[in-house]
Amino acid sequence: MNIFSDQSFLYISLGVLLCICILYFWSEKTKKSKILQLTSLKLLPRIAPNYSTKRNLIKFGVFTLGLILLSIALARPQWGIERRTNQPTGIDLIIALDVSKSMWARDVKPNRLERVKLSISNLIENVRGDRIGLIAFAGNAFLQCPLTLDHQAFINTLNNIQVGTIKMGGTNLAAPIDEASRSFSLDDRDRFLVLISDGEDLEGEGLKRAKEAAEEGIKIYTIGIGSKSGARIPTDPINSPARNFLLNPEGKTVITQLDDTSLKAISSETKGKYYPLGSTGQGLVSVFKTLKSIGEQKKREQISSEIPVERFQPFVLLGLFALLFNQLTPSTVRGASDLSSLILIITFFYLGGCLKQDNIRRAEEAAKDNNWNEAAKNYEIELNASAEMSSATKAKILLNTGLAYAQAGRFDQAKERLQEAIDQSLDSPKLQSQALNELGNLFYRKANQWLDQQNVMQARTSWEQSRKYYESAIELDGNIKAEGNLASLNKQIEERINSLVCLINGLIWRDKNGDGIAQKNENRLQGKVFWDKNNDGEHNSSNEPFLKTNASGQFAFEWISSVYPISLSLDSELIEDENQKIELLVPVFPAPPPPLNADSVKNHSKTIQKAGASSVLLPYRAAPIIRGKVWMDKNGDTQKNEDEGPYSQAKLFLDQNGNFNLDENETSFTPDSNGSFLLPLPPGQYSLCIAPDNADANITFPIEEKKAYLTWVDYESPSDSLLFGVQDNQQQDSQSSENNQTQQPKAGGQDNDQNTQESESSENTPPEEVNALYERLLQEMESKSKNLNDEKQRAIGTIPKGRDY
Numbered sequence: 017m018n019i020f021s022d023q024s025f026l027y028i029s030l031g032v033l034l035c036i037c038i039l040y041f042w043s044e045k046t047k048k049s050k051i052l053q054l055t056s057l058k059l060l061p062r063i064a065p066n067y068s069t070k071r072n073l074i075k076f077g078v079f080t081l082g083l084i085l086l087s088i089a090l091a092r093p094q095w096g097i098e099r100r101t102n103q104p105t106g107i108d109l110i111i112a113l114d115v116s117k118s119m120w121a122r123d124v125k126p127n128r129l130e131r132v133k134l135s136i137s138n139l140i141e142n143v144r145g146d147r148i149g150l151i152a153f154a155g156n157a158f159l160q161c162p163l164t165l166d167h168q169a170f171i172n173t174l175n176n177i178q179v180g181t182i183k184m185g186g187t188n189l190a191a192p193i194d195e196a197s198r199s200f201s202l203d204d205r206d207r208f209l210v211l212i213s214d215g216e217d218l219e220g221e222g223l224k225r226a227k228e229a230a231e232e233g234i235k236i237y238t239i240g241i242g243s244k245s246g247a248r249i250p251t252d253p254i255n256s257p258a259r260n261f262l263l264n265p266e267g268k269t270v271i272t273q274l275d276d277t278s279l280k281a282i283s284s285e286t287k288g289k290y291y292p293l294g295s296t297g298q299g300l301v302s303v304f305k306t307l308k309s310i311g312e313q314k315k316r317e318q319i320s321s322e323i324p325v326e327r328f329q330p331f332v333l334l335g336l337f338a339l340l341f342n343q344l345t346p347s348t349v350r351g352a353s354d355l356s357s358l359i360l361i362i363t364f365f366y367l368g369g370c371l372k373q374d375n376i377r378r379a380e381e382a383a384k385d386n387n388w389n390e391a392a393k394n395y396e397i398e399l400n401a402s403a404e405m406s407s408a409t410k411a412k413i414l415l416n417t418g419l420a421y422a423q424a425g426r427f428d429q430a431k432e433r434l435q436e437a438i439d440q441s442l443d444s445p446k447l448q449s450q451a452l453n454e455l456g457n458l459f460y461r462k463a464n465q466w467l468d469q470q471n472v473m474q475a476r477t478s479w480e481q482s483r484k485y486y487e488s489a490i491e492l493d494g495n496i497k498a499e500g501n502l503a504s505l506n507k508q509i510e511e512r513i514n515s516l517v518c519l520i521n522g523l524i525w526r527d528k529n530g531d532g533i534a535q536k537n538e539n540r541l542q543g544k545v546f547w548d549k550n551n552d553g554e555h556n557s558s559n560e561p562f563l564k565t566n567a568s569g570q571f572a573f574e575w576i577s578s579v580y581p582i583s584l585s586l587d588s589e590l591i592e593d594e595n596q597k598i599e600l601l602v603p604v605f606p607a608p609p610p611p612l613n614a615d616s617v618k619n620h621s622k623t624i625q626k627a628g629a630s631s632v633l634l635p636y637r638a639a640p641i642i643r644g645k646v647w648m649d650k651n652g653d654t655q656k657n658e659d660e661g662p663y664s665q666a667k668l669f670l671d672q673n674g675n676f677n678l679d680e681n682e683t684s685f686t687p688d689s690n691g692s693f694l695l696p697l698p699p700g701q702y703s704l705c706i707a708p709d710n711a712d713a714n715i716t717f718p719i720e721e722k723k724a725y726l727t728w729v730d731y732e733s734p735s736d737s738l739l740f741g742v743q744d745n746q747q748q749d750s751q752s753s754e755n756n757q758t759q760q761p762k763a764g765g766q767d768n769d770q771n772t773q774e775s776e777s778s779e780n781t782p783p784e785e786v787n788a789l790y791e792r793l794l795q796e797m798e799s800k801s802k803n804l805n806d807e808k809q810r811a812i813g814t815i816p817k818g819r820d821y
């Protein structure tokens with residue numbers, strides 16, 4: 017075991033003593049040689065009777081011994097153990113209170129939140145002498161009141177807690193556990209968290225974080241609020257009757273129920289206990305009673321610690337005595353006396369480190385030179401070196417250490433030391449206030465650093481933390497500096513955030529009249545809005561962020577940029593549910609500037625000129641569609657009779673060149689099995705024709721000569737129902753044959769085969785009259801056909817990919 021706390025002084029002293037010895041013997045040798053030049057060695061005693069080499073050597077030995085003893089003292093020898101007994105402080109208790117909207121429920125009177133606040137206020141006296149803090153949480157959590165002995169400040173903060181204190185909605189049980197872990201003192205083993213909630217852990221991370229808290233020595237007591245049968249959440253003021261209730265995006269009333277499964281699991285994992293709140297707060301009474309007994313037992317215990325005993329004092333006294341003896345002993349050699357005086361002065365200079373707090377002096381000098389890392393280092397040395405130090409002194413050194421780390425830009429170390437300073441200054445509200453103010457300054461700088469990186473979310477978190485620390489400092493002793501810092505914080509950070517952030521809000525709706533303005537009678541649509549980074553009109557969920565609208569089609573998000581103006585591409589997709597059918601709705605994009613083609617536009621390009629508020633509208637319209645039906649005109653009378661069914665053995669096509677024939681570059685499609693067809697298209701004029709699969713089939717309707725429709729379609733204006741009648745004798749005979757086979761048994765093998773051959777012969781060889789008539793019709797159509805007006809023609813491709821029309 018090493019008995020020296022700082023061995024560096026031993027090595028330094030060894031080098032210094034070696035130099036002094038060399039200097040001494042060289043001086044003696046030089047002096048003797050000069051004397052011998054004047055006289056002989058035999059005459060020297062007669063000429064200088066007071067000169068004695070032995071006496072000088074003894075004086076030098078005493079002087080060297082004094083330096084050795086002082087060097088040993090500077091190395092701080094330690095041996096033996098001193099057992100020190102300390103009176104322990106109370107426990108550390110943090111209350112985490114759910115402030116989500118479910119706390120408005122009135123299944124306990126007057127409502128869940130007010131019932132809890134009243135119960136805590138009545139029970140606070142049970143933890144007198146213990147430090148208590150407050151965390152509010154919903155979707156995330158923030159420390160509202162740091163651990164403090166000032167219970168009145170805690171009550172004031174508790175009374176100001178309201179639903180909405182935490183802006184992010186929902187209930188995340190992991191967030192308050194994480195925040196409490198950061199807020200507890202690291203050197204205290206008795207850390208308790210009282211978690212009060214309805215238990216609906218919407219994020220599902222509570223139990224996982226509780227396991228980590230158990231490893232950190234945090235014991236969690238959970239309080240369940242509400243009833244398992246559930247209750248509605250009124251939005252009316254507490255002093256008004258409950259008439260209006262919270263609704264979900266589907267317009268249904270929200271029912272909040274007590275889910276004690278998560279709460280029981282969290283408390284069990286940390287060796288705590290779960291209690292239901294009860295109608296009058298009985299659960300909190302049980303928790304505070306348990307904590308009171310733990311705190312009282314801790315205060316009765318005596319904590320003993322073993323620390324090494326400092327033994328430098330005897331070496332200091334002996335060293336000083338040796339140097340004093342050497343200085344007072346007469347000597348005829350003036351040079352040795354001068355050297356002794358010089359070394360004595362140097363020795364006393366170094367000795368100051370044993371007689372005063374030399375580390376603090378060095379730290380202060382480094383701070384004056386703005387060498388903050390060196391200052392923090394010396395403060396740390398003093399903290400580690402001073403075993404016997406009062407709490408007040410240690411708190412001041414911790415505060416200075418935290419300040420030095422903060423100036424050096426070492427955030428984590430500064431935060432840790434300032435928190436320790438608060439823990440050590442329980443009896444000094446003024447020093448606590450200073451530490452809280454410096455923590456506020458620390459997070460103030462952190463917020464600015466996040467803003468330099470354009471990380472507004474983290475900047476807001478640091479902003480909120482800084483504000484809480486400033487407010488706590490003001491509540492403790494009316495800290496004037498904290499008041500000024502708080503005002504500066506709110507003004508500067510808000511201005512910086514506003515200079516970076518553009519709040520973009522918008523709407524998705526069905527623009528029936530196409531004016532681009534959302535009218536009251538036009539339906540709002542639910543969907544998701546995404547950043548179309550690659551401008552392909554499709555959402556890539558892996559790298560394109562998105563957000564969903566509310567039930568009214570509204571959305572809002574923040575866009576952060578250090579440079580304006582800036583452009584971004586936004587697109588949307590509708591969400592289909594039982595209340596919203598989207599198969600025939602398509603997005604409408606703004607026309608691009610010439611010479612770009614409108615077909616190339618696949619999203620909304622938004623140019624943001626400056627930070628602030630901006631809006632974007634995402635209209636949808638009913639797709640232009642061609643629709644109709646094809647039927648089997650059995651008797652060829654051009655009239656659809658009741659016994660005539662659908663016909664699907666044909667192709668419908670868009671005739672682009674006016675030849676009324678299906679060409680390779682023309683869009684074609686088939687009707688459904690029920691004969692109906694529906695095709696979404698861009699707005700425009702189209703010529704729709706039909707081509708039966710059976711070339712011998714006769715198109716009986718429309719009765720016009722070209723057997724085609726010329727129609728115009730637009731958004732919200734589909735075509736009329738276009739009807740095609742087809743007389744297909746081959747399909748009729750096939751159906752008749754199938755019916756006969758189903759209804760009549762076979763009479764005989766030969767007769768059946770003969771009838772089958774005759775039927776096939778009849779189907780494959782149409783009568784000559786029919787073939788001749790079909791050929792004449794084709795010749796007549798070709799001679800009379802015209803091209804469509806070029807201005808009305810439009811090339812129709814396949815349906816664009818990426819859009820579900």
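Going by this note's numbering, the letters in the sequence shown line up with residues 17 to 821, in that order. Positions of the beta carbon are idealized from the N, C-alpha and C atoms, including for glycine.
Would you mind working out which of the options sits nearest residue i, comparing C-alpha positions?
i    : options                : result
D206 : G106, S245, E195       : G106
V132 : L86, A190, V210        : V210
S302 : V270, S135, P699       : S135
S118 : V632, G240, G522       : G240
S703 : L300, S504, S735, G222 : S735
F158 : S199, N453, A229       : S199
L600 : S406, D659, E560, P696 : P696
N710 : Q672, Q665, D679       : Q665
E454 : K667, Y421, L467       : Y421
Is residue i buried or exposed, if buried means 16 or more other CB atoms sit within 10 Å of its CB?
i    : result
S557 : exposed
A607 : exposed
I438 : buried
R225 : buried
N138 : exposed
Over the uninterrupted beta strand (DSSP E) stretch that includes residue i, give me the two end residues.
i    : result
T623 : 620 to 624
Q716 : A small fix is needed here, since residue 716 is Thr in this sequence, not Gln. Element bounds for T716: 714 to 717.
F200 : Where F200 is concerned, there is no enclosing beta strand (DSSP E), given that its DSSP letter is neither H nor E.
Y725 : 724 to 729
I'd like to know whether the C-beta of residue i is nearer than 9 Å to at least one C-beta of chain B.
i    : result
D206 : In the structure shown, chain B cannot be found, because there is only a single protein chain.
Just verifying my parser: in three-state terms, what is the DSSP assignment at residue i?
i    : result
V602 : strand
L274 : coil
R378 : helix
N453 : helix
P698 : coil
A567 : coil
E266 : coil
N787 : Confidence in N787 is poor, its pLDDT being 41 and thus under 50, which makes the residue's placement too unreliable to answer from.
S583 : strand
E589 : strand
Q318 : With a pLDDT of 45 at Q318, under the threshold of 50, the modelled position of that residue is not reliable, and the figure given next carries that caveat. Of the three classes helix, strand and coil, the one that applies to Q318 here is coil, per DSSP.
Q535 : coil
Where do the ends of the alpha helix (DSSP H) carrying residue i lie?
i    : result
N138 : 128 to 139
E116 : According to the sequence displayed, residue 116 carries Ser and not Glu. No alpha helix (DSSP H) contains S116, which DSSP labels as neither H nor E.
Y421 : 407 to 423
I513 : 496 to 516
A338 : 328 to 344
Shorter than 8 Å, the distance from the beta carbon of residue i to the closest heavy atom of the ligand FAD, or not?
i    : result
Q542 : No copy of the ligand FAD occurs in the structure displayed, which carries no ligand at all.
Pairing CB atoms from the segment 144 to 163 with CB atoms from the segment 112 to 121, are three or more of them under 8 Å?
yes
Three or more C-beta pairs below 8 Å linking the segment 539 to 548 and the segment 486 to 497
Judged by Cβ distances under 8 Å, the segment 539 to 548 makes no contact with the segment 486 to 497, as fewer than three pairs qualify.
Could you tell me whether the segment 80 to 92 touches the segment 176 to 188, using the rule of 3 or more Cβ pairs below 8 Å?
no
Are at least three pairs of beta-carbons, each pair with one atom in the segment 627 to 643 and one in the segment 674 to 684, less than 8 Å apart?
no
Cβ contact (3+ pairs, closer than 8 Å) linking the segment 440 to 453 and the segment 393 to 412:
Contact holds: three or more Cβ-Cβ distances are below 8 Å.
Hey, is the segment 305 to 314 in contact with the segment 239 to 259, meaning 3+ C-beta pairs nearer than 8 Å?
no
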